[in-house]
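Here is the structure we will look at, set down as structure tokens.
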Amino acid sequence: MIRWNAQGTRMPWLVLGLAVGLILGAAGARAGSSEEKLIITAPINWIVGHKEHQKNYHITEYVPSGENIYHWTRMLTVHIFSRTRRFEEFVTETHAITRANCRDVIADTEIRIGRVNNYPVGMLWMGCPQFHDMKGGEFALYYGHRGHDALYVVQRTWRGPAFDHRQIPLSEAEWREWVSFLQSTFVCDRADSHHPCQRATPVPIPETTFLPVRTDNKNKKSVERKEKNEKKGNTGNKKKKNEKNIRNTAKAIRM
Numbered sequence: 005m006i007r008w009n010a011q012g013t014r015m016p017w018l019v020l021g022l023a024v025g026l027i028l029g030a031a032g033a034r035a036g037s038s039e040e041k042l043i044i045t046a047p048i049n050w051i052v053g054h055k056e057h058q059k060n061y062h063i064t065e066y067v068p069s070g071e072n073i074y075h076w077t078r079m080l081t082v083h084i085f086s087r088t089r090r091f092e093e094f095v096t097e098t099h100a101i102t103r104a105n106c107r108d109v110i111a112d113t114e115i116r117i118g119r120v121n122n123y124p125v126g127m128l129w130m131g132c133p134q135f136h137d138m139k140g141g142e143f144a145l146y147y148g149h150r151g152h153d154a155l156y157v158v159q160r161t162w163r164g165p166a167f168d169h170r171q172i173p174l175s176e177a178e179w180r181e182w183v184s185f186l187q188s189t190f191v192c193d194r195a196d197s198h199h200p201c202q203r204a205t206p207v208p209i210p211e212t213t214f215l216p217v218r219t220d221n222k223n224k225k226s227v228e229r230k231e232k233n234e235k236k237g238n239t240g241n242k243k244k245k246n247e248k249n250i251r252n253t254a255k256a257i258r259m
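89 is the number that our numbering gives to position 85 of the sequence shown; each next residue is one higher, with no gaps.
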């Protein structure tokens, strides 16, 4: 699994992406009535593919130049949810949508929670090796900031051919670029000295090990056991009982 050096609660968790919520500008975007904003700079040569503003959320989607929201291989999504938006709602809804559309979901086993610029932050990844209605899959990394005015979620997404559920489809170099980019984002408030708008120091992430975990009611041990038996040509007739379930997903995650 990907270990993130952060303080706070950790729990099993599953998620992919919900295209809901927005902000942005190269320098930042304001939410609510205060001076609170998310500071983010879009990658060079990326363009806005889609932008939408509804009552309780904003969303902006960026794609590399030459791609669009209908045909893309990489995407940057910035979400802003109203202050009434709860993090567990994001988790529950995105997980449900992913499970409904994906044959074999994989996800980090834990949400990594810490603090940046005196705001709670969380990081997680999730992937779908192959969707039901298409030959390809997706993999996403999320970085969420819980501000006073809103929940800000910055998302990097890969889309491409179906991939093996036992590994993520990114190279280590691209993974580290994603992490570095997401950790360059932060929330600040010009009216509050506890959340200054100069560049914040990101929470460090140590060396990572990729150990994707399938979340379709099969825990890591049972999956490894089955794969080992298949390799030996002896799958056996006994079904393994689930040692864990996704029951913890519904637990409240209050950032």
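Idealized CB from N, CA, C, for every residue including glycine.
- A residue is called buried once 16 or more other Cβ atoms fall within 10 Å of its Cβ, and methionine 138, having fewer, is exposed.
- Where phenylalanine 167 is concerned, there is no enclosing alpha helix (DSSP H), because DSSP gives it neither an H nor an E.
- Sixteen is the threshold: since fewer than 16 other Cβ atoms of the shown chains lie within 10 Å of the Cβ of glutamine 171, the residue is exposed.
- With a contact defined as Cβ atoms closer than 8 Å, threonine 77 and arginine 163 qualify at about 6 Å.
- Nearest to glycine 53 by alpha-carbon distance, out of Ile73, Ala177 and Lys41, is Ile73.
- Three or more Cβ pairs closer than 8 Å define a contact, and the stretch 128-144 falls short of that threshold against the stretch 55-73.
- In the three-state reduction of the DSSP assignment, isoleucine 101 falls in the helix class.
- With a beta-carbon spacing of about 5 Å, leucine 42 and tyrosine 156 fall inside the 8 Å limit used to define contacts.
- Comparing C-alpha distances from isoleucine 44 to each of His83, Thr98 and Ala177 shows the shortest one belongs to His83.
- Just so you know, the alpha carbons of alanine 100 and glycine 70 end up roughly 32 Å apart.
- The beta carbon of leucine 186 lies closer than 6 Å to those of Tyr147 and Val158 in the same chain, with the five residues before and after it left out.
- Around the C-beta of glutamate 40, 16 or more other C-beta atoms lie within 10 Å, and the residue is accordingly described as buried.
- The beta-carbon separation of glutamate 181 and threonine 161, rounded to 14 Å, does not stay under the 8 Å limit for a contact.
- At the C-beta level, arginine 116 and glycine 126 come within 9 Å of one another.
- It is roughly 11 Å from the alpha-carbon of isoleucine 48 to the alpha-carbon of tyrosine 66.
- Beta-bridge partners of histidine 62 (DSSP): His57 and Ile84.
- For valine 157, DSSP records a beta bridge to His83 and Gly148.
- Annotated three-state conformation of alanine 177 is helix, per DSSP.
- DSSP places phenylalanine 135 in no beta strand (DSSP E); its state is neither H nor E.
- The continuous beta strand (DSSP E) containing isoleucine 117 extends over residues 116-120.
- Put simply, the backbone Cα of serine 175 is about 14 Å away from that of leucine 145.
- Beta-carbon to beta-carbon, phenylalanine 85 and alanine 154 are separated by about 6 Å, close enough to satisfy the 8 Å threshold.
- The alpha-carbon separation between arginine 119 and proline 200 amounts to approximately 14 Å.
- Using a Cβ distance threshold of 9 Å, phenylalanine 190 and histidine 149 count as a contacting pair.
- Residue pairing from DSSP places phenylalanine 143 in a beta bridge opposite Gly131 and Trp162.
- Counting along the chain, cysteine 192 sits inside the beta strand (DSSP E) bounded by residues 190-193.
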